[in-house]
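Top line first, the protein sequences correspond to chains Y and Z.
Add 82 to the 1-based position in the first sequence for the working numbering, that's all there is to it.
Add 82 to the 1-based position in the second sequence for the working numbering, that's all there is to it.
Let me begin by presenting the structure, written as structure tokens, before commenting on it.
Number of protein chains: 2
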Amino acid sequence: MKEGPDIALIGSLIGDPARANMLTALTGGKALTATELAGTAGITLQTASSHLSKLEAGGLIAQRKQGRHRYFTLADDDVGLMIEGLMGFAAYRGFTRHRTGPKDPALRKARVCYNHLAGDYGVRMLDSLIAEEVISGAGDTLHLTASGADKMTALGIDLAALTRSRRPVCRTCLDWSERRSHLAGSLGQALLTLFFDKGWARREPDSRAIRFTDTGEMEFAKLFPLPAQPSIARHHQQAVDA
Amino acid sequence: MKEGPDIALIGSLIGDPARANMLTALTGGKALTATELAGTAGITLQTASSHLSKLEAGGLIAQRKQGRHRYFTLADDDVGLMIEGLMGFAAYRGFTRHRTGPKDPALRKARVCYNHLAGDYGVRMLDSLIAEEVISGAGDTLHLTASGADKMTALGIDLAALTRSRRPVCRTCLDWSERRSHLAGSLGQALLTLFFDKGWARREPDSRAIRFTDTGEMEFAKLFPLPAQPSIARHHQQAVDA
DNA sequence: TTCATACTTCGATCGTGATCGAAGCATCTC
DNA sequence: GAGATGCTTCGATCACGATCGAAGTATGAA
Chain Y
83 MKEGPDIALI GSLIGDPARA NMLTALTGGK ALTATELAGT AGITLQTASS
133 HLSKLEAGGL IAQRKQGRHR YFTLADDDVG LMIEGLMGFA AYRGFTRHRT
183 GPKDPALRKA RVCYNHLAGD YGVRMLDSLI AEEVISGAGD TLHLTASGAD
233 KMTALGIDLA ALTRSRRPVC RTCLDWSERR SHLAGSLGQA LLTLFFDKGW
283 ARREPDSRAI RFTDTGEMEF AKLFPLPAQP SIARHHQQAV DA
Chain Z
83 MKEGPDIALI GSLIGDPARA NMLTALTGGK ALTATELAGT AGITLQTASS
133 HLSKLEAGGL IAQRKQGRHR YFTLADDDVG LMIEGLMGFA AYRGFTRHRT
183 GPKDPALRKA RVCYNHLAGD YGVRMLDSLI AEEVISGAGD TLHLTASGAD
233 KMTALGIDLA ALTRSRRPVC RTCLDWSERR SHLAGSLGQA LLTLFFDKGW
283 ARREPDSRAI RFTDTGEMEF AKLFPLPAQP SIARHHQQAV DA
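Given below as structure tokens:
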């Protein structure tokens, strides 16, 4: 017995409601202060401080001092993917937090997943990128094609900078609302940043939801057309049925 | 705040060491009795019973009465994938359970992941299946090709039976030791069953490890040849580096 | 310097949940 | 039937950890 890695440690870190709320908030991608996190979790600053030090000791979050503030973020992409994965599992089981709020449709349409685009739009974007052969790959191994690299450069994305880091350029991330993959990795991050920079989309205040502007919707539809007759329809159906 | 699904519930279920041990044991795929699970977790039968009812209420496990025994299994494939995913995260963070046991190399080579093959051999098998165009697909959407269906049928796999169920035929499952995907879904299960039925491999007693026989090794290498010059080498490197 | 803000540490309280003994129920064997 | 085995339920204990008040430290503002 006692085989394999220890999942109880991570489970217990996530298992506390206050910590889970903080982690969920941090999945929004913005760096938050201890006071802000205490507010979202509904606890005092002292208690929050205790939780935050535990999360940091567990390697789930990182902090950055800036003046008299301490900004907390998720430790890295992996933590974001792991939490988004758990959310997918929980959502599928119906473990929603009591009422599904009014913001729910907006979250399902488009939201921030740590640092990249998730929700219906996120899944559509990856589908389109694959259909247009910007990205190719089988299984979980994705990579940019030569023509895809040209397209991304034309969009104004500095591919050299992306490949310079040690992070993977293209990764899949399981979407909790769609139960299909969207694009993560440094390219996924760069694309979301592009949307913000071009003014095509902006974050809803105090939410993970992303609202596209009218021109943003148009440009998105133009850049990421849906395949007319998706060859993956059969599998998609299975994924929904499963 | 309070957006999205509730991950604290699942976290707290997994967060208890006794429950985590039971779930890990059940990831071996075999149905286990309450007494056996109590043994692996190192607790009395009464305590185990309490934990098991909680896990069942949370939808993570299912039980099946058989005479005076109650056999427990993971509720479905999704639970297995979720736990294997957490293990991958935990292993990568170095959250191993104190000493990495002597069985560790065997586990990394080949093991049962709920109902399909995992470890180095599992990853190699999926790589080969994709390289040989038995399975195709981009991102996380995998499906059998026409020629692949013929090959599987020739092996003695009843594809009609696989597609009859509502489960997906091909799925990816993140491997905690390799940090890459292997094949899950009903086809993944059917292939592992085939190895056992043909006598090519057998389970180590009281372990998730799988030991291939000499002929099993040969047949496996013949059936699932490695691509000579893997086109995915670049991405693989990234995944390892990340 | 003085005050305010942001956060941590200490210490005490308190509740929840893990644990196990004992008793009860179901099923199989003889 | 009697006895044994497998498991659940009840009840009590007990420890750990979540919580917050109070005090202490660091940084910025006046």
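Cβ atoms here follow ideal geometry from the backbone N, Cα and C, with glycine treated the same way.
In this text the structure is predicted, and so the values were computed from the model without any measurement.
Can you tell which of the options has the C-alpha that lies nearest to the C-alpha of residue i?
i       : options                               : result
F277(Y) : Q148(Y), E301(Y), A100(Y) and R262(Y) : E301(Y)
L211(Z) : Q148(Z), G267(Z) and L308(Z)          : L308(Z)
R150(Y) : A116(Y), T122(Y), E138(Y) and D158(Y) : A116(Y)
T187(Z) : K304(Z), D296(Z) and A291(Z)          : Inspection of the sequence shows that residue 187(Z) is occupied by Pro rather than by Thr. Of the listed residues, the one whose Cα sits closest to P187(Z) is A291(Z).
Q128(Y) : L224(Y), Y174(Y) and A100(Y)          : A100(Y)
L119(Z) : L224(Z), F154(Z), L199(Z) and T275(Z) : F154(Z)
A130(Y) : M104(Y), D88(Y), A283(Y) and I239(Y)  : M104(Y)
R206(Z) : R249(Z), R146(Z) and L265(Z)          : L265(Z)
T109(Z) : A173(Z), H198(Z), K233(Z) and L208(Z) : H198(Z)
D257(Y) : R284(Y), L208(Y), P250(Y) and G219(Y) : L208(Y)
R175(Y) : R190(Z), K233(Z), E138(Z) and R146(Z) : E138(Z)
I217(Z) : A113(Z), V251(Z), L189(Z) and A173(Z) : V251(Z)
D158(Y) : L189(Y), Q145(Y) and A242(Y)          : Q145(Y)
S289(Z) : R249(Z), L168(Z), L156(Z) and L189(Z) : L189(Z)
K147(Z) : L114(Z), R262(Z) and G124(Z)          : L114(Z)
Since I believe residue j is in contact with residue i (beta carbons under 8 Å), could you give me their beta-carbon distance rounded to a whole number of angstroms?
i       : j       : result
G140(Y) : L91(Y)  : 7 Å
Q294(Y) : A192(Y) : It is worth fixing the name first, because residue 294(Y) is Phe in this sequence and not Gln. That pair is a contact at about 7 Å.
G93(Y)  : I143(Z) : Rounded, the Cβ-Cβ distance is 15 Å, inconsistent with contact.
S268(Z) : L237(Z) : Actually they do not touch by this definition, with Cβ atoms about 14 Å apart.
A107(Y) : T122(Y) : 5 Å
Y203(Y) : G111(Y) : Incorrect: roughly 16 Å between the Cβ atoms, too far for contact.
F177(Z) : D88(Y)  : 5 Å
L224(Y) : T254(Y) : 6 Å
G201(Y) : S259(Y) : 6 Å
Can you tell me whether residue i is buried or exposed, with buried defined as 16 or more other CB within 10 angstroms of its CB?
i       : result
S341(Z) : An answer regarding residue 341(Z) cannot be provided, because it is not within the stretch 83 to 324 covered by chain Z.
E215(Z) : exposed
P287(Z) : exposed
T275(Y) : exposed
K304(Z) : exposed
I314(Z) : Unreliable placement is indicated for I314(Z), whose pLDDT of 42 sits below 50; no coordinate value is reported for it.
Q271(Z) : buried
D98(Y)  : buried
G281(Y) : exposed
R181(Z) : Note that R181(Z) scores a pLDDT of 49, beneath 50, so its modelled location is shaky; the value from the coordinates is reported in the next line. It counts as exposed.
D279(Y) : exposed
S247(Z) : exposed
A296(Z) : The question names Ala, but residue 296(Z) is Asp in the sequence shown. Flag for D296(Z) reads exposed.
S135(Y) : exposed
R284(Y) : exposed
A172(Z) : buried
G219(Z) : buried
For the alpha helix (DSSP H) containing residue i, list its first residue and its last residue.
i       : result
R246(Z) : L241 to R246
S132(Y) : L127 to A139
V194(Y) : Here V194(Y) belongs to no alpha helix (DSSP H); instead the beta strand (DSSP E) covers R193 to C195.
K147(Y) : K147(Y) -> not in any alpha helix (DSSP H); beta strand (DSSP E) instead, spanning I143 to Q148.
R101(Z) : P99 to L108
F171(Y) : D159 to Y174
L237(Z) : A228 to L237
L119(Y) : A116 to A123
Provide the residue span of the beta strand (DSSP E) that contains residue i, from first to last.
i       : result
R285(Z) : A283 to R285
V205(Z) : Where V205(Z) is concerned, there is no enclosing beta strand (DSSP E), although the alpha helix (DSSP H) it sits in stretches over D202 to A213.
L256(Y) : R253 to L256
L273(Y) : That residue, L273(Y), is in no beta strand (DSSP E); its alpha helix (DSSP H) goes G267 to D279.
T155(Z) : H151 to L156
F294(Z) : I292 to F294
At a cut-off of 7 Å, is residue i close to the ligand GDP when judged by its beta-carbon and the heavy atoms of the ligand?
i       : result
L241(Y) : The ligand GDP is not among the ligands present in this structure, which contains no ligands whatsoever.
At least three beta-carbon pairs within less than 8 Å, the segment 225-242 of chain Z to the segment 158-168 of chain Z:
no
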